[in-house]
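Below you'll find the structure, written out as structure tokens, and then a few comments.
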Amino acid sequence: NYLVTLPAQLNFPSVQKVCLDLSPGYYDVKFTVTLETKDKTQKLLEHSGLNKRHLHCISFLVPPPADGTEEVATIRVSGVGNNISFEEKKKVLIQRQGSGTFVQTDKPIYTPGQQVHFRIVTLDSNFVPVNDKYSMVELQDPNSNRIAQWLEVVPQQGIVDLSFQLAPEAMLGTYTVAVAEGKTFGTFSVEEYVLPKFKAEVVEPKGLSTVQESFLVKICCRYTYGKPMLGAVQVSVCQKAHTYWYREVGREQLPDKCRNLSGQTDKTGCFSAPVDMATFNLTGYAYSHEINIVATVVEEGTGVEANATQNVYISPEMGSMTFEDTNNFYHPNFPFSGKISVRGHDDSLLKNHPVFLVIYGTNGVFNQTLVTDNDGLAPFTLGTSSWNGTDVSLELIGKGNLVMEGQKHLNPKKKGLKGSFSLSLTFTSRLAPDPSLVIYAIFPSGGVVADKIQFSVEMCFDNQVSVGFSPSQQLPGAEVELQLQAAPGSLCALRAVDESVLLLRPERELSNRSVYGMFPFWYGRYPYQVAEYDMCPASGPWDFPQPLIDPVPQGHLSAAVWRPWLSEGSDLFSIFQDVGLKILSNAKIKKPVDCSHPSPNYGPPMARNAGKEAVHVTVPDTITEWKAISFCTSQSRGFGLSPTIGLTAFKPFFVDLTLPYSVVRGESFRLTATIFNYLKDCIRVQTDLAKSHEYQLESRADSQTSSCLCADEAKTYHWNITAVKLGHINFTVSTKILDSNEPCGGQKGFVPQKGQSDMLIKPVLVKPEGVLVEKTRSSLLCPKGKVVSESVSLEVPAGVVPDSTKAYVTVLGDIMGTALQNLDGLVQMPSGCGEQNMVLFAPIIYVLQYLEKAGLLTEEIKSRAVGFLEIGYQKELTYKHSNGSYSAFGEQDGDGNTWLTAFVTKCFGQAQKFIFIDPKNIQDALKWMAGHQLPSGCYANVGKLLHTAMKGGVDDEVSLTAYVMAALLEMGKAVDDPMVSQGLQCLRNSVTSTSNLYTQAQLAYIFSLAGEMDMRSTLLKQLDQKAIISGESIHWSQKSTPSLNASPWSEPASLDVELTAYVLLAQLTKPNLTQKEIAKATNIVAWLAKQRNAYGGFSSTQDTVVALQALAKYATTAYMPSEDVSLAVKSTENFQRTFNIHSANRLVFQQETLPNVPGMYTLEASGQGCVYAQLSKNTQTYTFTISQNVFVTNLKPAAIKVYDYYLPDEQATIQYSDPCE
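Numbering (the UniProt record's numbering), first residue to last: 1 to 1221.
Now the structure itself:
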């Protein structure tokens, strides 16, 4: 017999093994094992048989898969010689080895103005660092603006170390570090917070059982430096009533069953009280089968709270039993062994506990009484003679790879078919976490006996890393020794974070399990691409009859049942398949299949050379515990991760301040200082708060006197503070131990030789009063090899809060940049009806069209945008009428609306490229619109449009027909289509009679789309005569004369934006634009760009839709993206900041604070291409409310005015009477 084994999945690049097991009968037969791929045939092994049993294994390099990712290859075994010739083949999978990447920040949460440090590490599946460079690492703010990027980043021994400075006005929310084209993410939060000083925890109960009569609730609270906290405790212990229960049975809602507890923490910082189980409902389904515990602990003296919650399951059982290390099959006449694990209802191990084992055999029922050991395990060994009832090779498999093999010879002549031997195995990360050992013997007859065992191995790394502090507790500001150990030559990265931060924002810690979890290890069976199936698809390994088992008598613990199946004529194939090895053999490796009858059964990275390193570090000046962890990388020993260790910064006498994160100028707040005494003796202390011109201080009488503090006591002092200066202001509190004869604790107060005083300085952010108002002014500068400049005056309007004005400049190399990042926020309005939904839907299509044409459409942006479109599409269908039309609220409106139906049809037609749109929805709408086309070719205005701004404020037959024509032509309808040709005839007849600028602009665009260039030229000439030209910008307005004293920061009429956008669309809708036409379009864009808001949209809704469509068209036909532009922002007061924009960073949201307000700034651009700059000015304005109660008799109906928030001119007035009168 012969037997060949190798892994079913071969990872590239890697070294794998193939093994050939030969019996003596193949003497002088030449065996060849080959691996056949699409590109070549590789000889893996060539060997001739010997006159004795022989196991021969050889290592080979896995070839690359043909398509770069994976390939199904053929393994072929052939034998030639001694009048023998045969071959056998099977399929194996070659797969490119995956890598895993993680991002680690120095802490999970930051405040504005702090610096973020983060690391990126990529490992292969053997935990060896990958040094491939990252094409781009980007940082996105909560609005998905790309605020920073790093290109062509090269790791150092697998580690990338980067940082970013947050602006003082940084946006609050979740930031994302995106790596490898968005395939890997790391996140952190920016919030305004104060670090908690203590943690509350529900210590007991961990689990409950219905057999208990009562249980103890225990709440403990400790400071981050480990000492207990004294305070008041409130606890609610509740069993919630199920809400679905009442609705189904029609009953009134039952109240929750609660028990409230209260008290004080003791000297250990804990509070405990008993609760009777009779309080709760332990039967039926009306109540939840768990107890919800909510605890609130209030610190004595400061009033600061900490909360803790825990849900505790009420088990109907007293405990549980499970079988462990027990095989699914047994061999006749061989002992069958295993273990039973016994746990209590709270999941605790039950030691020295009796266990009753019942064995159901063919010769009757047998009982055994076992006792658990100190690990809660009861081992057993059973004879199998009454359970339905004759050289040994071994292979060790880890992670699907053949790692170790060997052969043992047993002499059957001496001992018969019995024998034993032992093996010594060493487990490494290559085998973890679930290696298997397979042992088999092939008899001369071809029969096989086999067994396997699976081990549970700790998720370990070959690079053993440890970190420690000596001493583990030290005074703040003192030095400690940091001790680091790893494999020689390792590069190590250390992170230490204040435990207070982790209390505020628990994070998913970097751990052995999380690193192992980056790789999709498969354990058992073959990959589906190379699976092998029996010819009986209905049968499977578990399709065997189950023995009948009598009900187990109810005891205190739940019963566990195990049914091993008979392994007579061992199925070697199943054993090898379970561990992921392919097997080719002429031995009886498979049991025969009977189809009719199934079988009857942080700091910077440090280089490590000697393997050990000790450095001295200074403990930060904070009383807390620091949690430190280190990981190291080595090209020879791979990745390693240390356990998390603590360093406690503590001193026995100190002062602490309780402060808010921020206050409003002019408002008063209470500042609290707490003095802690952890000395063994009583001391007399005095505390002072330093005076400052930044705040007004109202001193309390008790703050001037000294106080006596005995061991483990604390004393609080309070001051009322009014902040008078904006920005961060510091509070300095000092306390000292007095050498006084005044008695303290019945004797003179103790005075230590060292540490007689403590001083603490803490900042508070003072914010301006009033309400925030944001104004923006945008510029498009296109130097084209010359220097172009623009001046902007940052003025402070009258009536704003003093010192509250802040300004900043934002620079992008792409005119669409801000719109790309705010796809869901371009139009600030609700989306509760069919009109509003489409106004949100349409701009996303234009942005996607632009990105696709510009080659900037990444998978990340596309998936985000497509998600918005899919939601919008589903939502809009709810406003569809049965006749195919659409209206604001659907069928309840009575009639569909022509304007909205045309808008929906156009958007659906254009969105088809990005999402699935049922063509029937488009055809139904077109059919309905065709039914409302008049004999003149014009379209009838049917239905009601709530949002009149959608039609530019013009309400006549011509403008409606123009809108429908634009929709039909934009979605690709041919000019000779009756709906289009007749509609164009209607518009031709009205050209000479139309004097409305908006309608003229619409018509110019439509005739441009239709290719009627003569009509287009006529209309554009008429529009040119009414153009408003100011310097390098051109626009159009319905108002005859613009205001001469209008501020550059004032907002234009949204109708002017839409009108100007239609002219731009007309200018650009022409083949082969001349340089003169491009220059004119650029001047129109220069004006449009100035009207944009901070989100990339405009002042209203339909102007945003049309203007973004025009800007996207300009960006793809005439816009010169930034090849290499330098933009200098200068002020008259010596401020200067230069931004460099090129093709690689054109979408990066670069921002800088402008320090001089008021002030004059100049934007100066040079180079090739265009740059988009936006100046934003934030001011706080005063608000006030006046109320007066006036008694009125003989009430009359009141007039209620309803108006459009974006267009106040759109309004209606109704009469309202009080229904209670």
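Beta carbons are placed, not taken as given, at the ideal position from N, Cα and C, and that holds for glycine. All figures in this text were calculated on a predicted structure; none of them were measured in a lab.
Contact annotation: glutamate 138 and tryptophan 150 have beta-carbon atoms nearer than 9 Å. Assignment of beta strand (DSSP E) within the region 430-466, counting only whole runs of 3 or more residues, yields 436-442 and 448-454 in chain order. When secondary structure is reduced to three states using DSSP, tyrosine 193 falls in the coil class, being assigned neither helix nor strand. In this structure, the alpha-carbon of glycine 983 lies about 10 Å from that of alanine 930.
Segment contact: the region 82-92 against the region 498-509, fewer than three CB-CB distances shorter than 8 Å; contact not assigned.
Given a length threshold of 4 residues, each whole run of the alpha helix (DSSP H) inside the region 952-1015 is given here in chain order: 957-970, 978-990 and 997-1009.
Residues Glu138, Leu139, Phe164 and Val1148 of the same chain have their beta carbon placed closer than 8 Å to that of alanine 148, with the five preceding and five following residues left out of the count. Methionine 816 and valine 866 do not touch by the CB rule: their CB atoms are close to 17 Å apart, not below 8 Å.
Taking a C-beta distance under 9 Å as the contact criterion, arginine 513 and valine 809 do not qualify as a contact pair. Partner residues in the beta bridge of proline 743, as assigned by DSSP, are Lys748.
With contact defined as three or more Cβ pairs closer than 8 Å, the region 1176-1193 and the region 782-790 are not in contact.
In terms of Cβ geometry, asparagine 292 and serine 236 form a close pair [threshold 9 Å].
Rounded to whole angstroms, glutamate 152 and glycine 855 show a C-alpha spacing of 20 Å.
Under the DSSP definition of a beta bridge, phenylalanine 639 partners with Thr633. Going by C-alpha positions, leucine 671 is about 25 Å away from leucine 679.
In the DSSP annotation of this structure, glycine 100 is not part of any alpha helix (DSSP H); the continuous beta strand (DSSP E) holding it starts and ends at 99-105. Three or more Cβ pairs closer than 8 Å define a contact, and the region 629-638 meets that threshold against the region 493-500. Less than 9 Å separates the beta-carbon of leucine 22 from that of leucine 55. In this structure, lysine 240 sits away from alanine 306, with a CB-CB distance that is not shorter than 9 Å. Distances from the CA of alanine 1112 to each of Leu1154, Leu1064, Asn1134 and Glu204 were compared; the closest alpha carbon is that of Leu1064. Per DSSP, leucine 216 is one residue of the beta strand (DSSP E) stretching across 214-223.
For asparagine 989, same chain residues with a beta-carbon under 7 Å away, outside a window of 5 residues either side, do not exist. Apart from the 5 residues on each side of it in sequence, valine 530 sits with its Cβ closer than 7 Å to the Cβ of Ala8, Val72, Lys91, Val92 and Leu93 in its chain, given in chain order.
Ranked by Cα distance from leucine 377, the first of Gly383, Thr384, Ile359 and Asn352 is Asn352.
In this structure, DSSP gives cysteine 907 a helical state, which the three-state scheme calls helix. Comparing C-alpha distances from proline 520 to each of Lys920, Asn126, Glu87 and Val975 shows the shortest one belongs to Asn126. The three-state secondary structure of phenylalanine 654, taken from DSSP, is strand. Exclusion of the five residues before and after threonine 994 leaves Val958, Gln1000 and Leu1003 as the residues of its chain whose Cβ lies within less than 8 Å of its Cβ. In the structure shown, proline 64 falls within a coil segment according to DSSP collapsed to helix, strand and coil. Considering only Lys748, Glu201 and Leu1059, the residue with the shortest C-alpha distance to serine 740 is Lys748. Checking the DSSP bridge columns, you'll see threonine 5 partnered with Cys19 and Ile583. Under the three-state reduction of DSSP, glycine 319 is assigned to strand. Taking alanine 1212 as the centre and dropping the five residues before and after it, the same chain places the C-beta of Val1202 closer than 7 Å to its C-beta, in chain order. 9 Å or more divides the Cβ of serine 585 from the Cβ of leucine 10. Restricted to the region 805-886, the alpha helix (DSSP H) segments that are unbroken, complete and at least 4 residues in length are 817-821, 834-854 and 859-877, listed in chain order. By the CB criterion at 9 Å, threonine 633 and serine 490 fall inside the cutoff.
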